[in-house]
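To start, the structure itself, in structure tokens.
Laid out in structure tokens, this is it:
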């Protein structure tokens, strides 16, 4: 499976510079752990418990259909102080979806998900789709990532997933994990160790801004 673990600066600048790939580093260094594809009735609670151990806040980019199915898990995520974002209603690939249908699907998901931030599934969004989202009122903020854990990749080991993060994370990084069954064996191994590492570095673990 081909993908970039560390998003290179030239990709951010040349193709999608108007999207948010990394956060600015301020006086107190911070990193931004994110989770895609939830909520899940057992995996998301595991993630919430691990975050709580380190007083960490995170951002969950949720699939609207999953929120409608597991509303209590979603409500717990909000209640524990985490931020949620839109990940479409049906996990659509923007490259292969007509813009009007894509925007309609995001709007459908927004009926179930708090906030006005968005991450495209697979990281695949057409310029026309991104532009339309950012021109809406209120405008959507589109978050991509700086570090991809690869927890979705069934061909790597949990140890490799951990190394993907630890070898690339730095203050300002937006890191992607998944609270999904496909990612479980790798995410559940790597996440606790990543949180411990960030705590040891003295980095604050923050949720992404809602706008």
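Residue numbers (my numbering): 26 to 236.
Note that beta-carbon positions come from the ideal geometry of N, C-alpha and C, so glycine has one too.
Beta-bridge partners of residue i, as assigned by DSSP
i	result
residue 111	87 and 143
residue 229	55
residue 31	172
residue 71	None, per the DSSP bridge assignment.
residue 61	86 and 203
residue 45	168
Closest by C-alpha distance to residue i, when choosing among the options
i	options	result
residue 111	82, 120, 158 and 80	158
residue 208	221, 95, 218 and 177	177
residue 210	161, 224 and 187	187
residue 119	142, 134, 148 and 96	148
residue 53	226, 34 and 67	226
residue 43	222, 203, 78 and 170	170
residue 189	172, 153 and 57	172
residue 155	131, 31, 47 and 137	131
residue 29	65, 84 and 201	201
residue 59	32, 194 and 83	83
residue 218	35, 78 and 151	78
residue 146	179, 191, 164 and 85	85
residue 151	124, 162 and 51	124
residue 93	181, 49, 66 and 55	66
Residue environment, residue i, which counts as buried when at least 16 other CB atoms sit within 10 Å
i	result
residue 174	buried
residue 196	buried
residue 73	buried
residue 184	exposed
residue 75	buried
residue 89	buried
residue 220	buried
residue 117	buried
residue 46	buried
residue 228	buried
Cβ-Cβ separation, residue j to residue i (assumed contact under 8 Å), whole Å
i	j	result
residue 63	residue 205	7 Å
residue 109	residue 139	5 Å
residue 233	residue 142	7 Å
residue 230	residue 135	With a Cβ gap of about 26 Å, residue 230 and residue 135 do not count as contacting.
residue 61	residue 144	7 Å
residue 199	residue 57	5 Å
| request: Can you check the stretch 145 to 223 for any alpha helix (DSSP H) of at least 4 residues that lies completely inside it and give the ranges in chain order? | output: Complete alpha helix (DSSP H) runs here, min 4: 152 to 160 and 183 to 191.
| message | Runs of 3 residues minimum, wholly inside the stretch 117 to 141: which ones carry the beta strand (DSSP E) assignment? | response | Look at the stretch 117 to 141 and you find no whole run of beta strand (DSSP E) that is 3 residues long or longer.
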